[in-house]
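K.L.:
All residue numbers for the sequence shown refer to UniProt numbering, where the first residue is 1 and numbers rise by one.
Positions of the beta carbon are idealized from the N, C-alpha and C atoms, including for glycine.
Everything numeric in this text was worked out from a predicted model, so none of it was measured.
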Amino acid sequence: MQSFSLEKIEEKLENVKLLVIGDCILDRYFVGEVNRISPEAPVPVFDLKEIYFSLGGAANVAANLRGLKVKVELMGVVGKDEHGKILKDLAKKEGIGIKGILEEDSRPTTIKTRVIAQSQQLLRIDKEERKPISKNLEKKFQEI
């Protein structure tokens, strides 16, 4: 039986180049506290303390591969909006290639927002376009 050290595996992964294709999702977290019930309706009142973003979907897979020192290029679609810019900036910061991330005017960047209080997820809010990408964008992907 052949054994490998973690260092040898990491060394080999540094020479690997991968293309990750999929849904580019921006994960957004609203972190706060719930200490009371609303007088208007029997629902918790969430006091927002912090907002942060992380890479989700295929972008998260790419980030995990970068954590293993794999060279990664990400291919997917974002909206031509502020959230798409945030996603691309986070990917660049992780060392992920973003030439394959294309913007489409007619769709928003997919965002999954999690509302968290006392270390418990209370709610998830999704904003995404489920229709297929445009023929024009399909053609652009084929040209890459």
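Starting from Gly84, follow the beta strand (DSSP E) in both directions and report where the run begins and ends.
P.N.:
Segment 82-93 is the alpha helix (DSSP H) holding Gly84; no beta strand (DSSP E) there.
K.L.:
My parser needs the beta strand (DSSP E) runs of 3 or more residues fully inside the UniProt domain "Carbohydrate kinase PfkB" (17-135); what are they?
P.N.:
The qualifying runs are 17-21, 24-37, 44-57, 71-79, 97-104, 110-117, 120-127.
K.L.:
Take Asp105 and list the residues in its own chain whose beta-carbon comes closer than 8 Å to its own, dropping the five residues that flank it on each side.
P.N.:
Within the same chain, Asp105 has close Cβ partners Gly79, Lys80.
K.L.:
Using the Cα positions of Ile111 and Lys88, report the straight-line distance between them to the nearest angstrom.
P.N.:
Near 13 Å, if we compare the C-alpha coordinates of Lys88 and Ile111.
K.L.:
Once you ignore the five residues that flank residue 152 on each side, which residues in its own chain have a CB closer than 6 Å to its CB?
P.N.:
Nothing in the structure corresponds to residue 152, since the chain is present only between 1 and 144.
K.L.:
Return the Cβ separation of residue 151 and Ile96 in integer angstroms, given the expectation that the two are a contact with Cβ distance under 8 Å.
P.N.:
Residue 151 falls outside the range modelled here, since the chain spans only 1 to 144, and no answer is possible.
K.L.:
Is it the case that the Cβ atoms of Val31 and Ser38 are separated by a distance below 8 Å?
P.N.:
No, the Cβ-Cβ distance between Val31 and Ser38 is not below 8 Å.
K.L.:
How many Å lie between Thr113 and Leu19 at the Cα?
P.N.:
When rounded, the distance between both Cα atoms is 26 Å.
K.L.:
Taking only the alpha-carbon atoms, compute the straight-line gap between Ile9 and Gly22 and give it to the nearest angstrom.
P.N.:
Cα to Cα, the separation comes out at about 26 Å.
K.L.:
Where do the N-terminal and C-terminal ends of the alpha helix (DSSP H) with Ile9 fall, by residue?
P.N.:
Its alpha helix (DSSP H) spans residues 6-13.
K.L.:
Could you compute how far the alpha carbon of Lys71 sits from the alpha carbon of Ala63?
P.N.:
Whole-angstrom Cα-Cα distance: 10 Å.
K.L.:
Whole angstroms are fine: how far does the CA of Lys140 sit from the CA of Asp47?
P.N.:
Each residue's Cα considered, the two are about 44 Å apart.
K.L.:
Using the Cα positions of Ser119 and Ala59, report the straight-line distance between them to the nearest angstrom.
P.N.:
Approximately 24 Å between the Cα atoms of the pair.
K.L.:
If Asp27 and Ser54 are in contact, beta carbons under 8 Å, what's the gap, nearest whole angstrom?
P.N.:
Contact flag correct, Cβ pair sits at about 5 Å.
K.L.:
Could you tell me the alpha carbon to alpha carbon distance between Gln142 and Leu68, rounded to whole angstroms?
P.N.:
Cα-Cα distance, rounded: 29 Å.
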